[in-house]
Amino acid sequence: MRDILITHSYFLHFDPKEYRAMMPYPPLGTLYAASMLRKGGFDVAFHDTMLAHDEEEIRNSLQTHQPKIIVVYDDQFNYLTKMCLSRMRQAAFKIADIAKEYGCVVIVFSSDATDHLQDYFRHNIDFIICGEAEVTLCELADSLLHNPERTISSIHGIAYKEDGTIRQTSRRELMTKLDEIPFPSWDLVDIESYHSAWERCHGYYSVNVVTTRGCPFHCNWCAKPIYGQVYHSRSPENVVEELIYLKKTINPDHIWFVDDIFGLRPGWLAGFDEVINEHNVRIPFKCLSRADLLLKEDNIRHLKNSGCQTVWIGAESGSQKVLDAMEKGTTIEQIHHSTELLRKSKIRV
Numbered sequence: 424m425r426d427i428l429i430t431h432s433y434f435l436h437f438d439p440k441e442y443r444a445m446m447p448y449p450p451l452g453t454l455y456a457a458s459m460l461r462k463g464g465f466d467v468a469f470h471d472t473m474l475a476h477d478e479e480e481i482r483n484s485l486q487t488h489q490p491k492i493i494v495v496y497d498d499q500f501n502y503l504t505k506m507c508l509s510r511m512r513q514a515a516f517k518i519a520d521i522a523k524e525y526g527c528v529v530i531v532f533s534s535d536a537t538d539h540l541q542d543y544f545r546h547n548i549d550f551i552i553c554g555e556a557e558v559t560l561c562e563l564a565d566s567l568l569h570n571p572e573r574t575i576s577s578i579h580g581i582a583y584k585e586d587g588t589i590r591q592t593s594r595r596e597l598m599t600k601l602d603e604i605p606f607p608s609w610d611l612v613d614i615e616s617y618h619s620a621w622e623r624c625h626g627y628y629s630v631n632v633v634t635t636r637g638c639p640f641h642c643n644w645c646a647k648p649i650y651g652q653v654y655h656s657r658s659p660e661n662v663v664e665e666l667i668y669l670k671k672t673i674n675p676d677h678i679w680f681v682d683d684i685f686g687l688r689p690g691w692l693a694g695f696d697e698v699i700n701e702h703n704v705r706i707p708f709k710c711l712s713r714a715d716l717l718l719k720e721d722n723i724r725h726l727k728n729s730g731c732q733t734v735w736i737g738a739e740s741g742s743q744k745v746l747d748a749m750e751k752g753t754t755i756e757q758i759h760h761s762t763e764l765l766r767k768s769k770i771r772v
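Mapping of the sequence shown onto my numbering: position 107 corresponds to residue 530, and the numbering continues sequentially without gaps.
Next comes the structure, spelled out in structure tokens:
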């Protein structure tokens with residue numbers, strides 16, 4: 424019997440466009456949460472829905488592990504789950520309903536749940552975590568499993584129902600020292616299933632890594648229910664330490680840095696360039712950036728030296744009027760110039 428079964432609600436099978444592309448990445452945020460729970464002394468099992476066929480498959484994990492708590496913890500480092508597809512919302516509801524058949528306490532964390540508390544509480548969900556979730560999840564699990572005398576309302580960052588009314592506690596402060604967070608629990612992942620899917624469809628294997636949390640910019644279409652408009656970063660040394668670990672254990676051919684903006688902090692890319700080459704752990708990678716950032720501090724050269732193959736630029740529009748209305752903070756000239764320089768450096772745009 425396990426303390427906690429952690430899962431998520433993104434099924435590649437339910438996303439036809441992404442299923443055809445077949446570029447599956449494990450749910451990084453979910454794996455971080457698993458690591459924090461393990462660090463807190465909890466016995467954790469993982470059910471991965473990414474390559475599953477439907478929600479009913481979770482019954483096998485529930486029967487095998489007999490958890491006291493199930494956590495549907497969506498990956499906030501994947502833009503697909505941050506946006507939330509309505510089919511995945513239905514999947515979260517179905518997983519919660521099935522878990523209740525097995526007597527589990529059901530906890531949910533996602534941007535969508537944070538924005539739609541009432542909808543989620545209609546579906547057998549006991550607690551919703553709002554805001555950055557790892558510390559909150561550990562405190563809530565500790566209260567439910569080990570310290571029932573603790574008042575639930577004293578835990579920051581949760582919503583729950585009491586006497587038919589939704590209660591929401593005060594927001595938890597964000598973690599600022601990201602180097603202190605343990606690496607994701609890669610050992611819980613069926614790596615071979617991901618590896619074979621990538622090799623079969625693309626001839627190489629890519630894994631995902633995140634170096635930051637949040638974004639300080641003002642783009643007015645962007646939903647920010649988890650981190651708000653705050654930005655924190657891991658050190659280049661800590662990121663390279665994880666790359667060394669991945670190279671020894673998984674040995675990927677390629678990395679996707681899933682940050683909203685890679686290397687935003689002044690001097691970060693220069694430091695990353697230095698440390699990654701010092702340890703001889705260059706792995707080809709793709710990342711996301713901004714046109715204006717790429718034109719600063721010789722950043723394109725540092726990207727190239729670090730192993731960058733592809734940069735996704737959030738250009739968004741070819742109209743300055745539209746960019747200004749979006750509060751994007753970039754110019755058409757910056758988009759053209761950064762694209763030109765990236766191509767000269769043989770980096771795909």
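No residue lacks a Cβ here, since even glycine has one placed at the ideal position from N, Cα and C. Nothing here was measured: the structure is a model prediction, and the numbers come from that model.
Collapsed DSSP secondary structure at HIS655 in the structure displayed: Numbered from 1 along the sequence shown, position 232 holds the residue referred to as residue 655. Reduced to three states, the DSSP call for HIS655 is strand.
Contiguous alpha helix (DSSP H) assignments of at least 4 residues, all confined to the segment 461 to 502: 481 to 488
Pair within 7 Å by beta-carbon distance, ASP466 and ARG425: As a working mapping, residue 466 is identified with position 43 in the sequence shown. As a working mapping, residue 425 is identified with position 2 in the sequence shown. Cβ distance < 7 Å, so ASP466 and ARG425 count as in contact.
Beta-carbon proximity check, ILE548 vs ILE581, cutoff 7 Å: Translated into the one-based positions of the sequence shown, residue 548 becomes position 125. Translated into the one-based positions of the sequence shown, residue 581 becomes position 158. No.
Within 7 Å, strictly: CB atoms of ILE684 and VAL734: Taking the first residue of the sequence shown as position 1, residue 684 is located at position 261. Taking the first residue of the sequence shown as position 1, residue 734 is located at position 311. No, these two residues do not count as a Cβ contact at 7 Å.
Alpha-carbon spacing of CYS624 relative to LEU666, whole angstroms: As a working note, residue 624 is residue 201 in the sequence shown. As a working note, residue 666 is residue 243 in the sequence shown. Looking at the two C-alpha atoms, the distance is approximately 24 Å.
Burial state of ASN703, where buried means 16 or more other Cβ atoms lie within 10 Å: Here residue 703 refers to the residue found at position 280 of the sequence shown. Answer is exposed; the Cβ neighbour count stays below 16.
Burial state of HIS759 (16 or more Cβ within 10 Å): Translated into the one-based positions of the sequence shown, residue 759 becomes position 336. HIS759 comes out exposed.
Residues that HIS546 bridges to, as DSSP identifies them: Reading the sequence shown from its first residue, position 123 is the one you call residue 546. HIS546 is not bridged to any residue.
7 Å Cβ cutoff met for TYR628 and PRO659: What you label residue 628 is simply residue 205 of the sequence shown in a count that begins at 1. What you label residue 659 is simply residue 236 of the sequence shown in a count that begins at 1. Contact flag unset, no.
Cβ separation of ALA468 and ALA556, assumed to be a contact under 8 Å, to the nearest whole Å: To locate residue 468, count along the sequence shown from 1; it is residue 45. To locate residue 556, count along the sequence shown from 1; it is residue 133. Their Cβ separation, rounded to whole angstroms, is 18 Å, which puts ALA468 and ALA556 out of contact at 8 Å.
Sequence ranges, beta strand (DSSP E) only - wholly within the segment 534 to 614, length at least 3: 550 to 552, 581 to 585, 588 to 591
Alpha helix (DSSP H) segment containing VAL745, residue limits: Locating residue 745 in the sequence shown gives position 322, counting from the first residue. First-last of the alpha helix (DSSP H) with VAL745: 743 to 748.
Spatially closest choice to VAL681 from ASP715, ASN643, ILE736, THR599, by CA coordinates: Mapped onto the sequence shown, residue 681 falls at position 258. The option with the nearest alpha carbon to VAL681 is ILE736.
GLY626 - DSSP class collapsed to helix/strand/coil: One-based indexing of the sequence shown puts residue 626 at position 203. Coil.
Buried or exposed by the 16-neighbour rule on C-beta atoms within 10 Å, applied to PRO689: For this step, residue 689 is matched to residue 266 along the sequence shown. That one is exposed.
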